[in-house]
Every structure is written in C-alpha cells, then in structure tokens.
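*Asks:* Under our numbering, the first residue of the sequence shown carries the number 12, and numbering increases by one thereafter.
Backbone N, C-alpha and C fix where the C-beta goes; we use that ideal spot for every residue, glycine too.
Take a look at this one; I'll ask things after.
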Amino acid sequence: MLIDTTEKKEIAELILGLRQNTSRKSTLQLALESAKFHLGIKGTDDINYMKFSFRHNLVGQAKNGINTDLCSDEAELFSALLLYLNALEQIGTLFCKEEEVENGIKKAISAFCPKTFGEDETKAIKNLRNSLAHNFGLVNYNQRNKKPTEKFTICFDDKEEIIVELPKRKWEGSFKDKSDDAQCKIYVFPLIRMIEQIISKVKKQYKNDTLSFAIEDLEEIKARFTIKI
Numbered sequence: 012m013l014i015d016t017t018e019k020k021e022i023a024e025l026i027l028g029l030r031q032n033t034s035r036k037s038t039l040q041l042a043l044e045s046a047k048f049h050l051g052i053k054g055t056d057d058i059n060y061m062k063f064s065f066r067h068n069l070v071g072q073a074k075n076g077i078n079t080d081l082c083s084d085e086a087e088l089f090s091a092l093l094l095y096l097n098a099l100e101q102i103g104t105l106f107c108k109e110e111e112v113e114n115g116i117k118k119a120i121s122a123f124c125p126k127t128f129g130e131d132e133t134k135a136i137k138n139l140r141n142s143l144a145h146n147f148g149l150v151n152y153n154q155r156n157k158k159p160t161e162k163f164t165i166c167f168d169d170k171e172e173i174i175v176e177l178p179k180r181k182w183e184g185s186f187k188d189k190s191d192d193a194q195c196k197i198y199v200f201p202l203i204r205m206i207e208q209i210i211s212k213v214k215k216q217y218k219n220d221t222l223s224f225a226i227e228d229l230e231e232i233k234a235r236f237t238i239k240i
C-alpha cells in the first residue's frame, strides 16, 4: 500500500519516530526506547560495548585503558537484544511485501540489510529471536515436535564486524554435547548496529517516497503497530 495520503504519512512517521503524537505511540519506538534503556544508550549515541559497560550515565565517558568486566549484566543485553529483534521483525512485517517469505525478520534482512547474509545466517538470527522470545534462553526448539534444534552462544566481542558465526557441525539435540563447534555464535553489538542501519535505511526510503506498507488495511496497521496512550 503506497504511503500517499496525509493519514498514511502521519502513521508512517509516527511508527518510524519522525512524528510525535500525544495520544498514540509506536510499538516500534517503544521497543527501541526500551532496548536503548537496557543498553544505557541515549538518542543517537553509538552502540558499542564500552558505552554499555558504563550504562545509565553512571560514568560520563569511558576512557581508553579502563578495565571492564566482559560479563557485565548479561540480563541487560538479553533484554536489549530481544527488543531489537522484535523491532527488526516489525520492520519486515510492516514494510516488506514478499509473498514467498513469511517471517518478518527474514523480510527485513532481505529488503533493507546493507550486509549480505546467506540463508543459514538469516535463519539463525530468526531462530535466536524465537529462542529469546519463547524461553528467554539460547536454545531453539522445533515448534512442531518440540525438540531442541539449535544452541546459541552470545558473544560480547566488539572488535570484529562478524554478526553470525555458523556452527562447524550440526548439533544433534543432546545437551551432553557442550562443544563450541556445534553452537551458533551471535555477536551482539554488530547485530544491533546492523538493525539500526536497517531502520535508518527504512527512514531514508520513506523520506525519498520509495517506502510502502505491506499491510493494506490502515486500521490494522494502527491496531498492530501503535497503542493509545
């Protein structure tokens, strides 16, 4: 659906955070605001481990050479990561009309991601979202037979722009198997920065009048992607 009327533009701008409304809030912006709260990031601050380790403005500025704990408050990262993946899914569901792809995360990565991903890498990001959303954990389950299919390792290393490191061999579902080479590694901060880049690209397309809604019913968009406040 083209964003070609005043009402459609107002809703699109609200959802993308380009317009404020005193009576309605974007669920996409709620997810992003909550994620940044968990990371201790304000506004358009760069997202990286150093900023996270001094979150909530307890320290004004991180200086080189400060020794930080690389395991600092994983719960904050879990919450932020789940919220960012939710935001990515909203983007794909709302703005990507690919009939052959059902999942919003896959749609968003295919349509807007500046980085090229293989099918298995995209699937891993989608499965991580499911693991966090369904169990708040790092094991993905087949929703049909309820059997475990994939284990994840969350990496805080912020030095390389690696997002997904696929396992060297398939995990067979045995929890006795704790070897690293059967686990899929996800690098949190590069992934979150990629999602921010996707959101920026969506905003740019809107400003260039090249963005469309994938959902035809404007009332459905308002009901699913905004809330009254």
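Excluding the five sequence neighbours on either side, which residues of its own chain have a C-beta within less than 7 Å of the C-beta of Asp-192, listed in chain order?
*Replies:* Same-chain partners within the cutoff: Pro-178, Lys-179, Arg-180.
*Asks:* Which residues mark the beginning and the end of the alpha helix (DSSP H) in which Ser-142 is found?
*Replies:* It spans 130-146 - the alpha helix (DSSP H) in which Ser-142 sits, taken as one unbroken run.
*Asks:* Measure the alpha-carbon distance for Leu-25 versus Lys-187 and round it to whole angstroms.
*Replies:* Looking at the two C-alpha atoms, the distance is approximately 48 Å.
*Asks:* Roughly how many whole angstroms lie between the Cα atoms of Ile-240 and Ile-22?
*Replies:* Those two C-alpha atoms are separated by around 15 Å.
*Asks:* Taking all protein chains shown into account, do 16 or more other C-beta atoms lie within 10 angstroms of the C-beta of His-145, making it buried, or fewer, making it exposed?
*Replies:* It counts as exposed.
*Asks:* Ile-210 lies in the alpha helix (DSSP H); which residues open and close that run?
*Replies:* Segment 199-218, the alpha helix (DSSP H) holding Ile-210.
*Asks:* In terms of DSSP beta bridges, what is Pro-178 paired with?
*Replies:* Pro-178 pairs with nothing; no bridge assigned.
*Asks:* Ends of the alpha helix (DSSP H) at Lys-47?
*Replies:* Start and end: 38-50.
*Asks:* Terminal residues of the continuous beta strand (DSSP E) containing Glu-161?
*Replies:* From DSSP, the beta strand (DSSP E) with Glu-161 extends over 159-166.
*Asks:* Determine the extent of the alpha helix (DSSP H) in which Lys-108 is found, giving its start and end residues.
*Replies:* Here Lys-108 belongs to no alpha helix (DSSP H), and DSSP marks it neither H nor E.
*Asks:* Going by the CB atoms, is the gap between Met-205 and Gly-124 shorter than 8 Å?
*Replies:* As written in the sequence, residue 124 is Cys, which differs from the Gly given in the question. Cβ atoms of Cys-124 and Met-205: closer than 8 Å.
*Asks:* Once you ignore the five residues that flank Ile-226 on each side, which residues in its own chain have a CB closer than 6 Å to its CB?
*Replies:* Excluding sequence neighbours, Ile-226 sits near Ile-232.
*Asks:* Near Glu-18, which residues of its chain fall below 6 Å by C-beta distance, leaving aside the five closest residues on each side in sequence?
*Replies:* Closer than 6 Å at Cβ, skipping near neighbours: no residue.
*Asks:* Cα-Cα, which of Ile-203, Ile-174, Ile-197, Arg-30 is closest to Leu-94?
*Replies:* Minimum Cα distance to Leu-94 is reached at Ile-203.
*Asks:* Determine the contact status of Ala-91 and Ala-46, defining contact as a CB-CB distance below 8 Å.
*Replies:* Contact flag set, yes.
*Asks:* Excluding five sequence neighbours on each side, which residues of the same chain lie with their C-beta closer than 6 Å to the C-beta of Lys-196?
*Replies:* Thr-164, Cys-166, Glu-176, listed in sequence order.
*Asks:* Nearest by alpha-carbon distance to Pro-159: which of Lys-215, His-49, Gly-184 is it?
*Replies:* Checked all of Lys-215, His-49, Gly-184; the closest Cα to Pro-159 is Gly-184.
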